[in-house]
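Here the structure is laid out as structure tokens; the discussion comes afterwards.
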Amino acid sequence: GESVGLHLPTLSVQEGDNSIINCAYSNSASDYFIWYKQESGKGPQFIIDIRSNMDKRQGQRVTVLLNKTVKHLSLQIAATQPGDSAVYFCAEILNSGYSTLTFGKGTMLLVSP
Amino acid sequence: GAVVSQHPSWVICKSGTSVKIECRSLDFQATTMFWYRQFPKQSLMLMATSNEGSKATYEQGVEKDKFLINHASLTLSTLTVTSAHPEDSSFYICSARDLPGHFNEKLFFGSGTQLSVL
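Residue numbers (the numbering used here), protein chains in the order written: chain A, 86 to 198; chain B, 92 to 209.
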């Protein structure tokens, strides 16, 4: 069950604002990172990925930044929309393609119109 | 894109009964499937990894006799929660990888199963 005191960090923004969601990953040897979006009662949905030999990657309205020095990953969402409201997880992989994902703790994004 | 179908979406059962959850890859062959468990407001925790035709590999702390995993074909893996108790109530999610060695962008997730044990 749920641990006492455990909660998801929440980021509340207005529609049209840019959102930045942060993640600290655990293994300095991880070489592949993915951001997932999870809506209530659904499975995770792939958003964007980045390999450890890159520090930035852009998609449609989303950008992922990787700072390996401090083991930090961020997801930037431009012009946030109400449909972006969800929980966002970063995930890391050691030895790409052969190892399993380790998910971060997640951040809830709430977008108000 | 590839689709992973998971059934049922939700199930309510009495304590002591067993529940089977199915995970199917609809348009690709999944050599490896993963089962995750997620409690409210928490992250996904890997329970086990199953490879077609072989025994599942369980993560530390996950009881293999309680959570039976079968991956008998390249398109179907099942998770059976045996003798379920209220503490087993959780959101269970499967995922599937289409070919070994691919980056996990090829990892597709099911829609999850909410299990409530009374």
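Using N, Cα and C, we set each Cβ at its ideal position, and we do this for glycine too.
Short CB-CB distance (under 8 Å) between residue i and chain B
i, result
"P129(A)", "yes"
"K122(A)", "no"
"V89(A)", "Here the model assigns V89(A) a pLDDT of 38, short of 50, so the residue's position is not dependable, and the following value carries that caveat. Chain B, which has no Cβ nearer than 8 Å to the Cβ of V89(A), makes this no."
"Q157(A)", "Reading the sequence as shown, one finds His at residue 157(A) and not Gln. Taking Cβ atoms only, chain B never reaches closer than 8 Å to H157(A), which makes this a no."
"T185(A)", "yes"
"G191(A)", "yes"
"L93(A)", "yes"
"G126(A)", "yes"
Beta bridge counterpart(s) of residue i as assigned by DSSP
i, result
"A187(B)", "M124(B), F199(B)"
"T185(A)", "Answer by DSSP bridge pairing: none, since T185(A) is not bridged."
"V172(A)", "Q123(A), M193(A)"
"D116(A)", "Beta-bridge pairing links D116(A) to no other residue."
"V147(A)", "I162(A)"
"M136(B)", "R128(B)"
"K146(B)", "Its beta-bridge partners do not exist; DSSP assigns none."
"L167(B)", "R115(B), S164(B)"
"A109(A)", "H157(A)"
"N152(A)", "H157(A)"
Proximity test, Cβ basis, 8 Å: residue i and chain A
i, result
"L135(B)", "yes"
"G203(B)", "yes"
"F119(B)", "no"
"T140(B)", "yes"
"F125(B)", "yes"
"L198(B)", "yes"
"K132(B)", "yes"
"I184(B)", "yes"
Buried versus exposed, by CB contacts within 10 Å (16 or more), residue i
i, result
"Q145(A)", "exposed"
"T165(A)", "buried"
"L170(B)", "buried"
"S106(B)", "exposed"
"K146(B)", "exposed"
"Q129(B)", "buried"
"L198(B)", "buried"
"P129(A)", "buried"
"G203(B)", "buried"
"L117(B)", "exposed"
"T154(A)", "exposed"
"H98(B)", "exposed"
"H162(B)", "buried"
"R115(B)", "buried"
"G101(A)", "exposed"
"D156(B)", "exposed"
"S104(A)", "buried"
Nonlocal neighbours in the same chain, by C-beta distance under 8 Å from residue i, ignoring five residues either side
i, result
"V147(A)", "W120, I132, I133, L160, Q161, I162, A163"
"L209(B)", "I103, C104, K105, S106, P177"
"D189(B)", "A93, S116, F119, Q120, A121, T122, K197, F199"
Residues near residue i by beta carbon distance below 7 Å, same chain, minus five either side
i, result
"L137(B)", "F125, Y127, E150"
"L165(B)", "Q120, A121, T122, E143"
"A114(A)", "L179"
"K156(A)", "A109, Y110, S113"
"M139(A)", "L151"
"T148(B)", "A139, T140"
"T108(B)", "A175"
"A171(A)", "K122, Q123, E124, L194"
Residue i beta carbon near the ligand NAD (any heavy atom closer than 7 Å)
i, result
"Y127(B)", "Ligands are entirely absent from the displayed structure, and the ligand NAD is therefore not among its contents."
Spatial neighbours of residue i in its chain, beta-carbon cut-off 6 Å, leaving aside the 5 residues before and after
i, result
"A176(A)", "I119, L186, F188"
"G90(A)", "A caution first: G90(A) carries a pLDDT of 41, below 50, which makes its placement in the model unreliable, though a value can still be read off. Cβ within range, chain order: n/a, list empty."
"P94(A)", "T192"
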